Amino acid sequence: MTQSDPTPSVNSGFAALGLDPRLVSAVVSLGYEEPTPIQREAIPHLLAGRDLLGQAATGTGKTAAFALPLLQRTAGDIPAPRAPLALVLVPTRELAMQVAQAIHRYGREQHASVLPIYGGQSFGQQLRVLDRGVHAVVATPGRALDHLERGTMLLDSVKMVVLDEADEMLDMGFAEDLEAILSRLPEKHQTALFSATLAPRILAIAESHLTSPVRITISRERSQAGEVPKVRQTAYLVLRAHKHIALGRVLDMESPNSALVFCRTRLEVDEVTESMNARGYRAESLHGGFAQEMRDRVMGRFRSGKTDLLIATDVAARGLDIEHLSHVINFDVPTEPDSYIHRIGRTGRAGREGVAITFVEPREQRLLRNIQQATRQKIDVATIPTVADLRHKRLELTRASLRETIVAGELGPFHTLVAELASEFDPMDVAAAAAKLAHEASHAESEANSNEKDIAFTPGPPRDNRGPRPGARDPWSERGGRGPVRRDDRGEAPRGPGGPGAHGGARPSPSGGGFESTRLFIGAGRMESIRPGDLVGAITNESGLTREAIGAIEIGDHFSLVEVRSEHAATIVKALRGTKLRGRKVIVRKDRES
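Numbering follows the numbering used here, with no gaps: position 87 of the sequence shown is 219.
Written as structure tokens, this is what we have:
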């Protein structure tokens with residue numbers, strides 16, 4: 133490879149890779165100074181026509197790593213052909229638009245044409261562009277296969293195919309679609325596969341569809357000595373029953389400009405969204421159950437600042453390009469370090485400081501240790517803010533607001549009012565009364581939510597998912613520190629933090645009421661969409677007993693534990709065995725540990 137002028141310049145790095153001068157000019161005009169490691173490693177091999185298997189995470193610059201060689205090998209001065217010369221397959225609509233936009237920007241001087249194809253877009257519009265001819269198509273697997281089966285897109289002329297974020301496509305269930313598409317490619321073509329992980333199923337695809345590939349592994353660049361990571365990482369140890377309260381407390385303290393909250397399930401997304409809206413935040417949910425039109429509206433409101441919090445599952449958030457995201461919050465600990473890295477990489481971009489917060493249940497401490505070992509970064513473990521912390525924070529905000537008002541001036545009309553009051557009262561009392569009114573006006577809703585008791589957890593041996601053993605103090609019950617159950621005007625405990633909508637149970641345990649209790653095992657839990665209210669309703673409706681017969685409820689992933697008065701246990705078991713929960717019959721028996 134030839135070297136340019138030995139004096140360092142902004143384009144010497146890209147020019148040395150063998151790229152067309154017009155492509156070099158394009159990347160320099162976009163502000164890129166030096167190629168990233170994945171670009172330095174991949175571009176020469178792809179320009180040479182080699183197949184490539186690349187392991188690289190989001191944020192490493194892999195889009196340019198395949199887009200620039202793709203343009204040089206398929207666009208050049210060739211007019212747009214009727215059948216595309218390059219095909220890029222991506223997991224989501226957002227990523228399809230993002231990659232297509234990048235290819236368009238890089239190939240502007242070559243007059244390259246690119247078409248993004250995805251579900252939710254007009255089929256007719258895609259047909260018209262395909263009929264005119266394009267150099268490259270960037271598509272989600274499902275919509276690409278639709279075009280192939282209708283005969284509206286041909287792959288006979290494809291010279292290069294790219295599988296971007298292949299692991300994500302497999303996670304989203306596109307394995308069969310990918311096989312169907314790859315089987316229709318011409319015999320002679322170049323293939324590049326990029327994935328954040330090289331799991332066995334990824335290697336199986338590479339074995340079947342890549343020919344003697346060059347294998348490249350690019351890890352995320354570690355911080356050099358003297359460099360400080362731009363993302364502040366904090367973990368809070370908290371019981372599941374307290375997570376909704378903990379999230380509200382932490383958000384109140386952090387005051388994020390925009391935050392993305394990750395949850396494991398759709399049900400959890402909906403519950404957290406409802407809980408945060410009740411706390412006064414403008415929160416919206418995003419998960420796989422959303423139609424594309426609704427998804428676009430939610431993202432539009434979030435990007436425009438009309439929404440404070442976006443609560444989403446991993447799958448729903450894939451491919452989202454969100455600028456200026458101040459906070460990423462893991463409502464649950466990701467089970468894989470790569471997932472954690474991918475999530476928190478969405479904040480702290482473009483030199484800005486970001487914040488990553490993770491809620492860790494006692495049994496998840498091992499996952500947190502795995503993440504720290506994999507990332508080689510320390511995650512500070514902090515305690516949940518107390519009610520006193522929140523009040524101090526709000527007073528600080530009021531103080532800052534008053535200072536800004538004083539500095540801004542224009543207080544003349546109020547001087548006369550203050551002078552009149554000062555002739556009757558102590559001037560300090562007058563000022564304090566004004567500060568109180570300002571504080572209450574700004575934080576009335578927040579103060580209304582601070583009637584919660586302080587929550588805390590002292591680290592100890594992880595407990596299993598079956599609840600405390602006989603005679604042990606139950607940290608999930610009211611006596612374990614959750615505080616009294618609030619009731620609405622119908623006498624029912626409300627949904628949301630501390631109520632039946634919370635995962636960890638809803639009613640005081642009868643074991644604290646001076647009579648014997650028995651714990652029942654019910655073979656359905658969160659994964660079957662069971663909530664405490666479902667169990668209470670089923671027991672009272674089928675057995676004819678009142679709510680007073682029911683105590684603490686704990687919801688696991690696939691089972692539930694319900695404490696009931698011992699004298700009613702047999703009646704309840706018999707009644708529930710003859711009914712259905714959420715449309716299915718379930719196992720109901722006395723818990724074997726009771």
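Built from N, CA and C at the ideal position, the CB exists for glycine as well.
Bear in mind the structure is a predicted one, so any value in this text is a computation, not a measurement.
Please report the residue range of the beta strand (DSSP E) in which residue 326 lies.
In the sequence shown, the residue the question calls residue 326 occupies position 194. First-last of the beta strand (DSSP E) with residue 326: 322-327.
Going by Cα to Cα distance, which pick from 194, 416 and 198 is closest to residue 180?
Numbered from its first residue, the sequence shown carries residue 180 at position 48. Residue 180 has its Cα closest to that of 198, out of 194, 416 and 198.
Starting from residue 368, trace the beta strand (DSSP E) in both directions and tell me its first and last residue.
Your numbering for residue 368 matches position 236 in the sequence shown. Note, residue 368: beta strand (DSSP E), 363-369.
For residue 188, is the classification buried or exposed, using 16 other Cβ atoms within 10 angstroms of its Cβ as the cut-off for buried?
As a first step, residue 188 is located in the sequence shown; it is residue number 56 there, counting from the start. Counting Cβ neighbours within 10 Å, residue 188 comes out buried, since at least 16 surround it.
Among the residues of its own chain, which have a CB less than 6 Å from the CB of residue 438, if the five just before and after it don't count?
Within the sequence shown, residue 438 is the residue found at index 306, counting from 1. The answer is none, since no qualifying residue turns up.
How big is the Cα-Cα spacing for residue 379 and residue 401?
By one-based count along the sequence shown, residue 379 stands at place 247. By one-based count along the sequence shown, residue 401 stands at place 269. Using only the alpha carbons, I get a separation of about 13 Å.
Report buried or exposed for residue 273, applying the criterion of at least 16 other Cβ atoms within 10 angstroms of its Cβ.
For the purposes of this step, residue 273 is taken as the residue at position 141 of the sequence shown. Counting Cβ neighbours within 10 Å, residue 273 comes out buried, since at least 16 surround it.
Which of the three DSSP states is assigned to residue 319 in this structure?
Translated into positions along the sequence shown, residue 319 becomes position 187. DSSP places residue 319 in coil when its eight states are reduced to three.
Under 7 Å Cβ to Cβ from residue 648, same chain only, skipping five residues before and after it: list those, please.
One-based indexing of the sequence shown puts residue 648 at position 516. If we look at residue 648 and ignore the five residues flanking it on each side, its Cβ neighbours are 698.
Which runs of the beta strand (DSSP E) spanning at least 3 residues fall entirely within the segment 250-326, listed in chain order?
As far as the segment 250-326 is concerned, its whole beta strand (DSSP E) runs of at least 3 residues are 268-271 and 292-295.
Can you tell which of 251, 331 and 174 has its C-alpha closest to the C-alpha of residue 423?
Taking the sequence shown and counting its residues from 1, the one referred to as residue 423 is at position 291. The residue with the shortest Cα to Cα distance from residue 423 is 251.
Once DSSP output is grouped into helix, strand and coil, what is the label at residue 511?
Sequence index remark: in the sequence shown, residue 511 carries index 379 (1-based). If DSSP states are grouped into helix, strand and coil, residue 511 belongs with coil.
May I have the straight-line CA-CA distance separating residue 374 from residue 509, to the nearest angstrom?
As a first step, residue 374 is located in the sequence shown; it is residue number 242 there, counting from the start. As a first step, residue 509 is located in the sequence shown; it is residue number 377 there, counting from the start. Their Cα atoms are separated by approximately 27 Å.
In chain order, what are the residue ranges of uninterrupted alpha helix (DSSP H) at least 4 long that sit wholly in the segment 425-467?
If we require 4 residues or more, the alpha helix (DSSP H) runs fully inside the segment 425-467 come out as 446-449.
Hey, quick one: how far does the beta strand (DSSP E) through residue 486 stretch, first residue to last?
As a working mapping, residue 486 is identified with position 354 in the sequence shown. Looking at the DSSP string, the run of the beta strand (DSSP E) that includes residue 486 is 486-492.
Beta-carbon within less than 8 Å of residue 678's beta-carbon, same chain only, minus the 5 sequence neighbours each way: which residues are those?
Counting from one through the sequence shown, the residue named residue 678 turns up at place 546. 672.
What did DSSP end up calling residue 643 once you bin it into helix, strand or coil?
Translated into positions along the sequence shown, residue 643 becomes position 511. Summary for residue 643: the model assigns pLDDT 38, below 50, so the residue's position carries little reliability; its value from the coordinates is reported in the next sentence. Looking at residue 643 - three-state DSSP - the assignment turns out to be helix.
Over what stretch of residues does the alpha helix (DSSP H) that includes residue 233 continue unbroken?
Numbered from its first residue, the sequence shown carries residue 233 at position 101. That run of the alpha helix (DSSP H) goes 225-238.
Per DSSP, what are the beta-bridge partners of residue 186 in this structure?
Reading the sequence shown from its first residue, position 54 is the one you call residue 186. Per DSSP, 326 and 348.
Note down the Cα distance separating residue 313 from residue 276, rounded to an integer number of angstroms.
Counted from its first residue, the sequence shown places residue 313 at position 181. Counted from its first residue, the sequence shown places residue 276 at position 144. Taking the straight line from one Cα to the other gives about 8 Å.
Per the contact definition of three or more C-beta pairs closer than 8 Å, is the segment 291-308 in contact with the segment 256-267?
No, the segment 256-267 does not touch the segment 291-308.
Report yes if the C-beta distance between residue 520 and residue 461 is below 7 Å; otherwise report no.
Taking the first residue of the sequence shown as position 1, residue 520 is located at position 388. Taking the first residue of the sequence shown as position 1, residue 461 is located at position 329. No; because the gap between Cβ atoms is not below 7 Å, this pair is not in contact.
Using three-state DSSP, classify residue 144 as helix, strand or coil.
As a first step, residue 144 is located in the sequence shown; it is residue number 12 there, counting from the start. Note on residue 144: pLDDT 49, under 50, position unreliable in the model; the coordinate value appears next. Here residue 144 sits in helix by DSSP.
Is it buried or exposed, residue 503, if we count other Cβ atoms within 10 angstroms and call 16 or more buried?
Taking the sequence shown and counting its residues from 1, one reaches residue 503 at position 371. Under this definition residue 503 is a buried residue.
Who pairs with residue 703 in a beta bridge, going by DSSP?
Sequence index remark: in the sequence shown, residue 703 carries index 571 (1-based). DSSP lists no partner for residue 703.
Within a Cβ cutoff of 7 Å, which residues of the same chain sit near residue 469, ignoring the five residues on either side of it in sequence?
Here residue 469 refers to the residue found at position 337 when the sequence shown is read from its first residue. 502, 503, 506 and 507.
Taking the DSSP output, what are the residues bridged to residue 246?
Here residue 246 is taken as the residue at index 114 of the sequence shown, counted from 1. Residue 246 pairs with 268.
Where residue 398 and residue 431 are concerned, what is the direct C-alpha to C-alpha distance, given to the nearest angstrom?
To locate residue 398, count along the sequence shown from 1; it is residue 266. To locate residue 431, count along the sequence shown from 1; it is residue 299. Those two C-alpha atoms are separated by around 17 Å.
Nearest to residue 668 by CA position, among 285, 498, 309 and 681, is which residue?
Counting from one through the sequence shown, the residue named residue 668 turns up at place 536. Of the candidates 285, 498, 309 and 681, the one whose C-alpha sits nearest the C-alpha of residue 668 is 681.
Using the rule of at least 16 other Cβ atoms within 10 Å of the residue's Cβ for burial, across every protein chain shown, is residue 635 buried or exposed?
The sequence position of residue 635 within the sequence shown is 503, counting from 1. Summary for residue 635: the model assigns pLDDT 35, below 50, so the residue's position carries little reliability; its value from the coordinates is reported in the next sentence. With 16 or more Cβ atoms within 10 Å of its Cβ, residue 635 is classed as buried.
CB-CB under 6 Å to residue 236, same chain, minus the five flanking residues each way: which ones, in chain order?
On the sequence shown, position 104 is the one that residue 236 refers to. Here the set comprises 246.
Looking at the structure shown, is residue 562 part of a helix, part of a strand, or coil, going by DSSP?
Counting from 1 along the sequence shown, the entry for residue 562 is found at position 430. If DSSP states are grouped into helix, strand and coil, residue 562 belongs with the helices.
Is the beta carbon of residue 270 sitting closer than 7 Å to the one on residue 346?
Residue mapping note: residue 270 aligns to position 138 of the sequence shown, counting from 1. Residue mapping note: residue 346 aligns to position 214 of the sequence shown, counting from 1. No, the Cβ-Cβ distance between residue 270 and residue 346 is not below 7 Å.
Please determine, among 433, 495, 446 and 341, the residue with the shortest C-alpha to C-alpha distance to residue 223.
On the sequence shown, position 91 is the one that residue 223 refers to. Closest by alpha carbon: 446.
For residue 281, count the other beta carbons within 10 Å of its own beta carbon; 16 or more makes it buried, fewer makes it exposed. Which is it?
What you label residue 281 is simply residue 149 of the sequence shown in a count that begins at 1. Label assigned to residue 281: exposed.
Starting from residue 669, trace the alpha helix (DSSP H) in both directions and tell me its first and last residue.
For the purposes of this step, residue 669 is identified with residue 537 of the sequence shown, where counting begins at 1. Counting along the chain, the alpha helix (DSSP H) containing residue 669 begins and ends at 664-675.
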